[in-house]
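K.L.:
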Amino acid sequence: MILSVLQKIRQVILLSLVISMVGCASIPAGTERSPQDPWEPFNRSVFEFNEGLDAYLLKPVVAGYRFILPEFVRDGIYNFFSNYNDIYTALYNLLQGKPDYAFNDLMRVVVNTTFGLGGLIDMATPGGLEKHKEDWGQTLGVWGVPSGPYVVLPFFGPSNVRDTFGTVADLESDYLFSFVKDIGLRNSITGLRVVNARNTYYEAGDLLDGAAIDKYSFVRDAYIQRRAYQINEGRDDEEPQTPVSENPYQ
Amino acid sequence: MNSFKQIFGCICAGLLLASGTVLAQAPDQSTPPDALIKMVVTEVMATVKVDPDIQKGNIPKIVDLVEKKIVPYTDMRRTTEMAMGPNWKKASPEQQAQLTSEFKNLLIRTYSGALSQLRDQTVQFKTLRASPDDKEVVVKTVVLGRGDPVPLDYRLEKTANGWKVYDMNIMGVWLVEAYRNQFSSQISQNGIEGLVKFLQDRNKQLASAKPAN
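Protein chains in written order, with this note's numbering: chain A, 24 to 273; chain B, 383 to 595.
#1: Is there a C-beta anywhere in chain B that falls below 8 Å from the one on residue 241 of chain A?
#2: Verify the CB distance criterion: does residue 101 of chain A have a CB-CB separation below 8 Å to chain B?
#3: Whole angstroms is fine: what's the gap from residue 513 of chain B's alpha carbon to residue 189 of chain A's?
#4: Using a cut-off of 7 Å between C-beta atoms, extract the partners of residue 553 of chain B located in chain A.
#5: Going straight from the alpha carbon of residue 524 of chain B to that of residue 536 of chain B, what length do you get?
#6: What are the start and end residues of the alpha helix (DSSP H) that includes residue 415 of chain B?
#7: To the nearest angstrom, report how far apart residue 546 of chain B and residue 585 of chain B are at their CA atoms.
#8: Runs of 3 residues minimum, wholly inside the region 482-568 of chain B: which ones carry the beta strand (DSSP E) assignment?
#9: Below 7 Å on C-beta distance, what does residue 526 of chain B contact in chain A?
#10: So, helix, strand or coil for residue 198 of chain A, using DSSP?
#11: Quick one: list the residues of chain A neighbouring residue 560 of chain B, beta-carbon separation under 8 Å, in chain order.
#12: So, does the region 560-568 of chain B touch the region 237-246 of chain A, judging by three or more C-beta pairs under 8 Å?
#13: List, in order along the chain, the chain A residues whose C-beta lies closer than 8 Å to that of residue 530 of chain B?
#14: Along chain A, which residues have their Cβ under 9 Å away from the Cβ of residue 588 of chain B?
#15: Run through the DSSP bridge pairs and tell me what residue 182 of chain A is partnered with.
#16: Tell me which residue opens and which closes the alpha helix (DSSP H) that residue 472 of chain B is part of.
#17: Taking 8 Å as the cut-off, decide whether the C-beta atoms of residue 218 of chain A and residue 96 of chain A are in contact.
#18: Quick check on residue 181 of chain A: buried or exposed, where buried means 16 or more other Cβ atoms within 10 Å of its Cβ?
#19: Any idea what DSSP makes of residue 213 of chain A, helix, strand or coil?
#20: Can you find at least 3 beta carbon pairs, one from the region 422-438 of chain B and one from the region 475-488 of chain B, that sit closer than 8 Å?
#21: Answer yes or no: does any C-beta atom of chain B fall closer than 8 Å to that of residue 53 of chain A?
#22: Counting Cβ pairs closer than 8 Å, one from the region 527-534 of chain B and one from the region 501-511 of chain B, do we hit at least three?
#23: Going by C-alpha to C-alpha distance, which of A/144, A/152 and A/228 sits closest to residue 98 of chain A?
#24: Using a Cβ-Cβ cutoff of less than 6 Å, which residues in the same chain neighbour residue 557 of chain B once the five nearest sequence positions on both sides are dropped?
#25: Buried or exposed for residue 450 of chain B, please, with buried defined as at least 16 other CB atoms from any protein chain shown within 10 angstroms of its CB.
#26: Could you give the C-beta distance for residue 164 of chain A and residue 185 of chain A, rounded to a whole number, given that I count them as a contact under 8 Å?
#27: Which residues of chain A have a Cβ atom closer than 8 Å to the Cβ of residue 492 of chain B, listed in chain order?
#28: State whether the region 408-423 of chain B contacts the region 459-473 of chain B, with contact taken as three or more CB pairs (one from each stretch) at a distance under 8 Å.
#29: Would you verify that the beta carbon of residue 252 of chain A is, or is not, closer than 8 Å to some beta carbon of chain B?
#30: Just to make sure I have the definition right: I need the residues of chain B whose C-beta is within less than 8 Å of the C-beta of residue 98 of chain A. Which are they?
#31: Which residues in the same chain as residue 113 of chain A place their Cβ atom closer than 6 Å to its Cβ, once the five residues preceding and following it in sequence are excluded?
#32: Restricting to Cα atoms, I'd like to know which of B/542, B/554 and B/418 is closest to residue 531 of chain B.
#33: Return the chain-ordered list of same chain residues with a C-beta closer than 8 Å to the C-beta of residue 517 of chain B, the five sequence neighbours on each side being excluded.
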């Protein structure tokens with residue numbers, strides 16, 4: 024019964040996805056085309072689809088999640104996944120040639136898994152171990168792979184050609200997760216991860232609606248800037264720092 | 383003799399306290415950029431944390447706080463000019479003034495919600511890397527709290543009236559750059575007058591909307 028309902032939902036989602044893609048959204052007249060976004064009509068239609076999915080499915084679910092669970096439980100869930108992701112962040116930082124960052128991230132996992140009760144409490148950040156966030160797309164970017172054109176992925180949102188491969192690699196290389204054998208449990212965890220991720224920008228999501236003149240291009244331009252910043256981050260820190268004694272403003 | 387010592391001690395302590403508050407509250411023209419950011423951020427955060435009205439999202443009160451404690455240390459005209467790019471020169475002086483004030487209001491409206499969310503966050507101030515004769519600097523900070531740390535950088539320029547913030551970087555996105563396309567698209571569709579009207583309408587709409595929380 025439940026299975027057939029789930030299948031129905033899947034069919035509906037797939038159908039609406041197909042419809043939204045066939046009916047390419049038109050670009051508002053006079054919009055300046057971005058050289059990084061040659062597939063804008065297609066991207067706009069997927070963006071509309073994602074917006075609808077968020078407004079009618081994901082956001083209401085997250086609202087319920089916030090209503091049912093007290094803040095400290097949500098924080099615990101957030102911290103747990105954050106700690107889990109730190110394992111991969113350590114690995115990606117190592118691959119990016121930042122062993123000091125990787126060591127920092129590894130120490131975070133050790134501290135939070137032990138003193139932080141299996142990752143439910145973030146003890147590392149107040150202890151001075153900075154949180155980083157890395158993924159395959161960023162790692163490829165550090166290696167010099169160009170981003171390619173901007174792409175909006177259904178469900179996943181803003182991306183580009185490089186980061187699309189990165190996202191697939193992120194999902195494929197999640198080996199620890201494959202140790203969870205029970206399909207039902209796996210799906211529940213995946214669902215919780217999605218809800219937790221959306222919950223972290225629950226309030227910020229509304230801010231965008233007020234701030235943007237055209238939300239699509241605002242999100243696109245911000246994404247392109249942000250990914251470049253993330254890839255260059257850490258490189259800045261390698262510049263020699265002015266010793267405190269020589270800093271004119273100290 | 384003993385009482386004289388006590389009185390003297392009190393005066394000294396009072397003077398120290400007084401000078402301390404003056405230093406903490408009033409950045410002036412000679413305040414270096416990183417110290418300026420630290421003073422403003424520390425004071426705004428302290429104010430929000432003890433004000434239940436602001437925490438409940440009382441928009442007029444937040445706007446008042448921003449106008450008094452943040453706006454004096456910014457150069458919104460420069461911000462608007464940079465976001466407008468080549469279109470700035472095509473706008474009449476009245477339009478430039480209108481755009482500056484409407485853009486300022488839009489930013490205050492959109493970020494006032496974020497200000498009301500401040501609770502147990504702390505801010506890390508990174509060491510400034512600049513030379514004394516720099517006319518422009520970037521002050522880097524990180525906001526720590528619930529969720530991921532948020533990098534928040536400020537770009538300041540040296541003016542006759544001290545250092546002024548004219549651009550901000552939130553999680554890797556510079557404000558001015560994010561708005562450049564927004565403005566130029568709106569202008570190519572409806573002209574500069576159209577952009578002014580759009581911002582006015584949006585601000586009215588945001589002003590009449592209910593507070594987020």
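Backbone N, C-alpha and C fix where the C-beta goes; we use that ideal spot for every residue, glycine too.
P.N.:
To lay it out plainly:
#1: yes
#2: yes
#3: 39 Å
#4: 249
#5: 11 Å
#6: 415-432
#7: 24 Å
#8: 504-507, 518-526, 532-541 and 544-552
#9: 148
#10: coil
#11: 241, 244, 245 and 248
#12: yes
#13: 105, 154, 156 and 223
#14: 233
#15: A/174
#16: Run containing residue 472 of chain B: none; DSSP gives neither H nor E here.
#17: no
#18: buried
#19: helix
#20: no
#21: yes
#22: yes
#23: A/144
#24: 549 and 550
#25: exposed
#26: 7 Å
#27: 230, 233 and 234
#28: no
#29: yes
#30: 528
#31: 125, 128 and 129
#32: B/554
#33: 539 and 540
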